[in-house]
Amino acid sequence: MAKGFKKTKMLTDTPFHYCPGCTHGIAHRLTAEVLEEIGAEGNCVGVAPVGCAVFAYNYFNCDMQEAAHGRAPAVATGIKRVHPDKIVFSYQGDGDLASIGMAETVHAAARGENITVIFINNSIYGMTGGQMAPTTLEGQKATTCQAGRIPELNGNPVNVAEMLAQLKGPSYIARVGLFDLKHVMEAKRAIRKAFDMQINKKGFAMVEILSTCPTNWGLNPIDALEWSKNEATKTFPLGVFKDITKEEE
Numbered sequence: 000m001a002k003g004f005k006k007t008k009m010l011t012d013t014p015f016h017y018c019p020g021c022t023h024g025i026a027h028r029l030t031a032e033v034l035e036e037i038g039a040e041g042n043c044v045g046v047a048p049v050g051c052a053v054f055a056y057n058y059f060n061c062d063m064q065e066a067a068h069g070r071a072p073a074v075a076t077g078i079k080r081v082h083p084d085k086i087v088f089s090y091q092g093d094g095d096l097a098s099i100g101m102a103e104t105v106h107a108a109a110r111g112e113n114i115t116v117i118f119i120n121n122s123i124y125g126m127t128g129g130q131m132a133p134t135t136l137e138g139q140k141a142t143t144c145q146a147g148r149i150p151e152l153n154g155n156p157v158n159v160a161e162m163l164a165q166l167k168g169p170s171y172i173a174r175v176g177l178f179d180l181k182h183v184m185e186a187k188r189a190i191r192k193a194f195d196m197q198i199n200k201k202g203f204a205m206v207e208i209l210s211t212c213p214t215n216w217g218l219n220p221i222d223a224l225e226w227s228k229n230e231a232t233k234t235f236p237l238g239v240f241k242d243i244t245k246e247e248e
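Structure follows, in structure tokens:
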């Protein structure tokens, strides 16, 4: 019988530990597929975060470095500067990247470090029990804002992609979703573009991926996808916020 599906060789055979319906697994696969397509096997270093993806080093079939909470862009910067010929990426959640690691993120972007950042935005702290994150939506409930996020009390959600796009250093900033097949394929194209920027030495590139957290949202997997598509995109619209290759045309 002909084999109709083949796992990318840039993922190991280790089963994912993520909750049912979590789209971290899809994001992992898309990233790994792109790494295989660009020929990064044996020439790639990933940086794992603290958070739900803390065990990413078990899943990507390449050299991986664990970073202290929020410091992945700084660690990736060091790796890339020492090994400029390597493909270097960080894989981070919204707590890691947009809270404790915000300074590292902003300054790596401002410097135009030639790295690729995969940013998973599920608008909540998944691993630690569902606390409010920098990306929690207005009115969205969490264990630390049980009446829903109130801007006057809790501040506003942080739109990372739009913020970084204002800096001179980044080469490519995009936000994508994983709601359905169409958006999954768009997400893969954005991830490929981000890695192509690094290959062509264009500088810092980040893809923000709207992901689901059915467990902490209190939704089943299907409803979580719908909520991400219909509600999360109101605060975090999809699109390309910076692409210097378009500016150069």
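Each residue of the sequence shown is one higher than the one before, counting from 0 in numbering that gives the first Met the number 0. Cβ atoms here follow ideal geometry from the backbone N, Cα and C, with glycine treated the same way.
Val33 to Cys144, Cα distance in whole Å? Rounded to the nearest whole angstrom, the CA to CA distance from Val33 to Cys144 is 38 angstroms.
In angstroms with no decimal places, state the Cα-to-Cα distance between Thr127 and Phe194. Computed Cα separation, rounded: 31 angstroms.
Alpha helix (DSSP H) segments (min. 4 residues) lying fully within the segment 103-165: Runs of alpha helix (DSSP H) with 4 or more residues, each lying fully within the segment 103-165, are found at 150-153, 159-164, listed in chain order.
C-beta atoms of Phe235 and Gly111 nearer than 8 angstroms: Contact flag unset, no.
With 16 as the cutoff for other CB atoms within 10 Å, does Phe88 come out buried or exposed? Phe88 should be labelled buried.
Along the beta strand (DSSP E) that carries Ala47, what are the first and last residues, could you check? Taken as a continuous stretch (DSSP letters only), the beta strand (DSSP E) holding Ala47 covers 43-47.
If Gly129 and Thr142 are in contact, beta carbons under 8 angstroms, what's the gap, nearest whole angstrom? The pair is a contact, with the Cβ atoms about 5 angstroms apart (cut-off 8 angstroms).
Expressed to the nearest angstrom, what Euclidean distance is found between the alpha-carbon atoms of Ala66 and Met0? Rounded to whole angstroms, Ala66 and Met0 show a C-alpha spacing of 44 angstroms.
Is it buried or exposed for Asp95, if we count other Cβ within 10 angstroms and need 16 for buried? So Asp95 counts as buried.
Counting only the same chain and skipping the five closest in sequence on each side, list residues whose C-beta sits under 6 angstroms from that of Ala75. For Ala75, where only same-chain residues beyond five positions count, the Cβ hits under 6 angstroms are Val46, Val87, Ser89, Ile114.
Could you have a look at Phe88 and say whether DSSP puts it in helix, strand or coil? Phe88: strand per DSSP, three-state reduction.
I want to know whether the segment 220-232 touches the segment 150-159 - three or more CB-CB distances under 8 angstroms. Segments in contact, no.
On the CB-based measure, 16 or more other CB atoms within 10 Å of its CB, does Val81 come out buried or exposed? With fewer than 16 other beta carbons inside 10 angstroms of its own, Val81 counts as exposed.
When you compare only the Cα positions, how much space is there between Asn42 and Met9? Distance from the CA atom of Asn42 to the CA atom of Met9, rounded to whole angstroms, is 11 angstroms.
Taking the DSSP output, what are the residues bridged to Asp179? Under DSSP, Asp179 shares a beta bridge with no residue.
Short of 7 angstroms in beta carbon distance, which residues of its chain neighbour Arg70, apart from the five on each side in sequence? Order them along the chain. Gly100, Glu103, listed in sequence order.
Can the beta-carbon of Lys140 be found less than 8 angstroms from the beta-carbon of Ser170? Against a cut-off of 8 angstroms, the Cβ pair of Ser170 and Lys140 comes out as no contact.
Please classify Gln91: is it buried, with 16 or more other beta-carbons within 10 angstroms of its beta-carbon, or exposed? Buried.
What did DSSP end up calling Ala272 once you bin it into helix, strand or coil? Here the chain covers residues 0 to 248 and nothing more, so residue 272 does not appear.
Cut-off 8 angstroms between Cβ atoms - residues of its own chain near Asn158, not counting five sequence neighbours on either side: So the list reads Thr234, Phe235, once near-sequence residues are dropped.
Since Asp222 is in the beta strand (DSSP E), which residue starts that stretch and which ends it? Here Asp222 belongs to no beta strand (DSSP E); instead the alpha helix (DSSP H) covers 220-226.
Strictly under 8 angstroms for the Cβ-Cβ distance: is Met184 near chain D by that measure? Included in the structure is just one protein chain, with no chain D present.
Can you list, in chain order, the stretches of the beta strand (DSSP E) that have 3 or more residues and sit fully within the segment 55-82? Here the runs fully enclosed are 62-65.
Sort Ala186, Thr232, Ile208, Met196 by Cα distance to Lys245 and report the nearest one. Taking each of Ala186, Thr232, Ile208, Met196 in turn and checking the Cα distance to Lys245, the smallest one comes out for Met196.
Residue interval of the alpha helix (DSSP H) (run including Val33): Secondary structure note for Val33: its alpha helix (DSSP H) is the uninterrupted segment 23-36.
State yes or no: is the C-beta of His23 within less than 8 angstroms of the C-beta of Ser227? Result no, Cβ atoms of His23 and Ser227 do not sit closer than 8 angstroms.
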